[in-house]
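What follows is one structure encoded as structure tokens, with my remarks underneath.
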Amino acid sequence: MSGSPSAEWPLWEVFVRSRRGLSHTHAGSLHAPDAEMALRNARDLYTRRSEGVSIWVVPSAEITASSPDERDPFFEPSADKPYRHPTFYAIPEGVRHL
Amino acid sequence: MTAALALGDDALVLSHRLGEWAGRAPVLEEEVALANIALDLLGQARVLLSLADDEDELAYLREERAFRNVQLVEQPNGDFAHTIARQLYFSTYQELLYERLAHGSGPFAPLAAKAVKEVAYHRDHAEHWTLRLGDGTDESHERMRRGLDALWRFTGELFEPVEGCEVEWHTLHDAWLTRITSVLERATLAVPEGPRRGGWAAGAGRQGIHTEPFGRMLAEMQHLHRSHPGATW
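Each protein sequence line maps, in turn, to chains A and B.
Position 76 of the first sequence, counting from 1, maps to 76 under my numbering, and the rest follow consecutively.
Here my numbering runs 1000 ahead of the position in the second sequence, where the first position is 1.
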């Protein structure tokens, strides 16, 4: 075999749903030759201790990520808008069971 | 408990062989996959050997001639394709056998019902790799073919009836051959030709006759326990 296989195999991001009703959460990444093998590797690496009921694998190259340089325009504007959080509002006395 | 020893030794010995890949597998992901399979098999072996007698004494203090595993599982790992060929032959057999035992009323039904799900994954793992290596590059195809051919003569023994297993061995064999043929066809590989029974075939592991590499494997597996009897941590 020429070169290390993991140098040639693409990288995959693994998302695991731990219970029905919850959303898939990023669990980690791994190398695999194709999607089917990536699913199986993910099963062995990330769900051995019954962590999951469903797995997604996504080619890492297909993920578009925000860059650290864009942090301010992306995230800064929401810092001074506390009214976007429900805790900003006082609960009227008439509302029970909330 | 002839059957508990036979099935338990199959699982124990194959588990040890797969464990030998730790630190040597072609990639980390595959090392974890093989170790997982090894641990599943070790769990099965513990239950089965405990049905027969004390599991530690059976695993660590028996001589080679007292082991009842088929010769297929004791064969050295070879290259990765060789290991996958061994996995394909054995896990296909084990899944079919455990399916039948799980539906029976014998003493192995509860264990088989639980283990058959593990084994179905082992078989799936071996099939996927057989497809990729067989239908991959010229070199991977050639290595897969070599592994399948080399181990073919050990497959006849799988279907020697085991005393205490209420199974129709003929239909088990036919189902095995159908599955193997289908996988190999999809992998663009030919079903090996050559004897699986009789003078030129291997066999008799169930009677305690083993191949030469098995002694060295046992020495490695047993030496710690024999050097420090009763040691704990």
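Note that the Cβ used here is the ideal one computed from N, Cα and C, for glycine as well.
Given the structure is predicted, the values throughout are model-derived calculations rather than measurements.
In its own chain, which residues sit with a C-beta less than 7 Å from the C-beta of residue i, not counting the 5 before and 5 after it?
i: B:S1091; result: V1119, H1122, R1123, A1126
i: A:P82; result: F88
i: A:M1; result: Low per-residue confidence applies at A:M1: pLDDT is 44, beneath 50, and the placement is therefore not dependable, though the value from the model is reported in the following sentence. Same-chain partners within the cutoff: there are none.
i: A:R43; result: I55
i: B:A1025; result: E1031, L1034
Leaving out five residues before and five after residue i in sequence, what residues of the same chain have Cβ atoms less than 8 Å from its Cβ?
i: A:E51; result: V16, S18, A27
i: A:D80; result: none
i: A:S23; result: R17
i: B:L1218; result: E1064, F1067
Between residue i and residue j, is the Cβ-Cβ spacing less than 8 Å?
i: B:L1158; j: B:L1088; result: no
i: B:I1084; j: B:G1136; result: no
i: B:N1069; j: B:G1205; result: yes
i: B:A1006; j: B:G1208; result: no
i: B:Y1098; j: B:A1112; result: yes
i: B:R1100; j: B:V1191; result: no
i: B:G1008; j: B:L1049; result: yes
i: B:L1171; j: B:E1074; result: Contrary to the premise, residue 1171 of chain B reads as Thr rather than Leu in this sequence. Taking 8 Å as the Cβ cut-off, B:T1171 and B:E1074 do not qualify as a contacting pair.
i: A:V57; j: A:L39; result: yes
i: B:G1235; j: B:A1035; result: Nothing about residue 1235 of chain B can be read from this structure; chain B reaches only from 1001 to 1233.
i: A:E36; j: B:H1128; result: yes
i: A:H31; j: B:E1031; result: no
i: B:T1232; j: B:A1187; result: no
i: B:Y1060; j: B:H1225; result: yes
i: B:A1115; j: B:A1109; result: no
Hey, residue i and residue j are a contact pair by Cβ (cut 8 Å); roughly how many whole angstroms apart?
i: B:L1254; j: B:R1086; result: Examination of residue 1254 of chain B is not possible in this model, given that chain B is present from 1001 through 1233 alone.
i: A:I55; j: A:V14; result: 7 Å
i: B:C1165; j: B:A1045; result: That belief does not hold up - the Cβ atoms of B:C1165 and B:A1045 are roughly 16 Å apart, past 8 Å.
i: B:R1143; j: B:G1194; result: With 8 Å as the limit, B:R1143 and B:G1194 do not qualify as a contact, their Cβ atoms being about 18 Å apart.
i: A:P33; j: B:R1132; result: 7 Å
i: A:S67; j: A:L11; result: 18 Å between Cβ atoms; not a contact.
i: B:L1014; j: B:L1041; result: 6 Å
i: B:L1189; j: B:G1134; result: 4 Å
i: B:G1203; j: B:E1160; result: 7 Å
Three-state secondary structure (DSSP) at residue i?
i: A:A27; result: strand
i: A:V95; result: coil
i: B:V1191; result: coil
i: A:I55; result: strand
i: B:F1159; result: helix
i: B:R1024; result: coil
i: A:I22; result: Going by the sequence as given, residue 22 of chain A is Leu instead of Ile. Three-state DSSP puts A:L22 in coil, outside helix and strand.
i: A:F15; result: strand
i: A:S50; result: coil
i: B:I1209; result: coil
i: A:P86; result: helix
i: B:R1100; result: helix
i: B:A1204; result: coil
i: A:S66; result: coil
i: A:R40; result: helix
i: B:R1197; result: coil
i: B:V1167; result: coil
i: B:R1153; result: coil
i: A:A32; result: coil
Starting from the C-beta of residue i, find all residues in its chain whose C-beta is less than 6 Å away, skip the five residues before and the five after it, and write them out in chain order.
i: B:G1215; result: E1064
i: B:A1175; result: L1096
>> List, from N- to C-terminal side, the alpha helix (DSSP H) runs of 4 residues or more that fit wholly inside the stretch 1050-1093 of chain B.
In response: 1055-1061, 1071-1074
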